[in-house]
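Per the numbering used here, residue 53 is the first one in the sequence shown, and the count goes up by one each step.
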Amino acid sequence: MSEENKTERIKCLIIGSGPAGYTAAIYAARADLKPILYTGMEPGGQLTTTTEVDNFPGYPEGIDGPTMMVQLQQQAERFGTEVRIGMVTEVQLSKEVGGIHKACVDNKTWVEAETVIISTGATAKYLGLPSEQRLRGGGVSACAVCDGFFYKGQDVAIVGGGDTAAEEATYLANICNKVTMLVRKDEMRASKAMQHRVTSTKNIDLRYNTEIDEVLGEQVVEGLRMVNNQTQEKEEIAITGLFIAIGHKPNTDIFKDQLEMDDTGYLITEPKTTKTNLPGVFASGDVQDKDYRQAVTAAGTGCMAALDAERYLATIESEEEVTA
């Protein structure tokens, strides 16, 4: 094999560059694992689409998402993480303790790693309307817990009929003047308990058989044109914020048939750890968390993943010394 075609061998490969990936990189680098992090298609993850982050500890005045991710990258690099622009497009994960995992980057370059930390996150589902996409970050959000505070005392709308939508609608109702909830069908998919919370909250205006025709506003959300999908009747309301709560898709396609997942594609980890079903492979952040989906919880599991990887390698090394 020629030198230029020789496969690179590393201790720790981190896939993904959100709060989980960069926090894992900080801890892994400080543990002298010499991590290499591949950013993926969206360097910085979902936070790069968020204008203001007000709920991450340590920023009393808040910080905008892109700036925060740049600072996390700089902190990871300060301790020796090598951050590379690129996307892992294929993996061949070992089932053996102490085995070597292989990852292909951009369909051409292979990397071998003793440990892999998966932090590929989840992508929020949107409706796909041009006006919705244009106003993302200008009043259109996929996270009420993240951004609801900015609409305190205002009129907002939320789209969705599942448990997440119901939970976020009631959350918004506590801080907003009025919440218009749009459910596409004639009933909600949410549990009976969550439906009761919605219907018993006075400032939630629940609209069944209703969809968005267009989000109104040039630079920021100013209103919503709704359409009843049974009667085709249209109605416009004034709002300042629109929350899309129709689910997330975990970015786990390349791990199918190798790692255990739930029925929606989230990676399954052992309780209170980041360990997947394969030795030396760990998952952190939204790729394994469909309940909280916050930057601070993602960062926490990134820390856990790096510690789990460090301990795994220490165990392997001690076993090799015993058998030597």
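All C-beta atoms in this analysis are idealised placements derived from N, C-alpha and C, irrespective of residue type, glycine included.
| Item | Value |
| --- | --- |
| If we count the other Cβ atoms within 10 Å of its Cβ and call it buried at 16 or more, is Ala290 buried or exposed? | exposed |
| When you compare the stretch 179 to 194 with the stretch 262 to 278, are there three or more beta-carbon pairs, one atom per stretch, that lie closer than 8 Å? | yes |
| Let me confirm a value: Met233 is counted as buried when at least 16 other C-beta atoms fall within 10 Å, else exposed. Which label applies? | buried |
| Between the Cα of Ile298 and the Cα atoms of Leu268, Lys237, Tyr74 and Ala350, which residue gives the shortest distance? | Lys237 |
| Determine, using beta-carbon pairs with one atom in the stretch 313 to 326 and one in the stretch 123 to 140, whether at least three such pairs fall under 8 Å. | no |
| Tell me which same chain residues have a C-beta within less than 8 Å of the C-beta of Asn329, skipping the five on either side of it? | Leu311, Glu312 and Ile320 |
| Pick helix, strand or coil for Ile320, following the three-state DSSP scheme. | coil |
| Indicate whether the contact test is met: 3 or more Cβ pairs, each with one atom in the stretch 241 to 257 and one in the stretch 152 to 159, closer than 8 Å. | no |
| Against chain C, does Glu148 count as a neighbour if the rule is that its beta carbon must be under 7 Å from one of theirs? | Reference to chain C is not applicable here, since this structure consists of a single protein chain. |
| Tell me, please, which residues DSSP counts as bridged to Gly275. | Leu268 and Ala290 |
| Going by DSSP, which residues form a beta bridge with Ile296? | Val211 |
| Looking at Val333: is its Cβ nearer than 7 Å to the Cβ of Val168? | yes |
| Counting only the same chain and skipping the five closest in sequence on each side, list residues whose C-beta sits under 7 Å from that of Glu373. | none |
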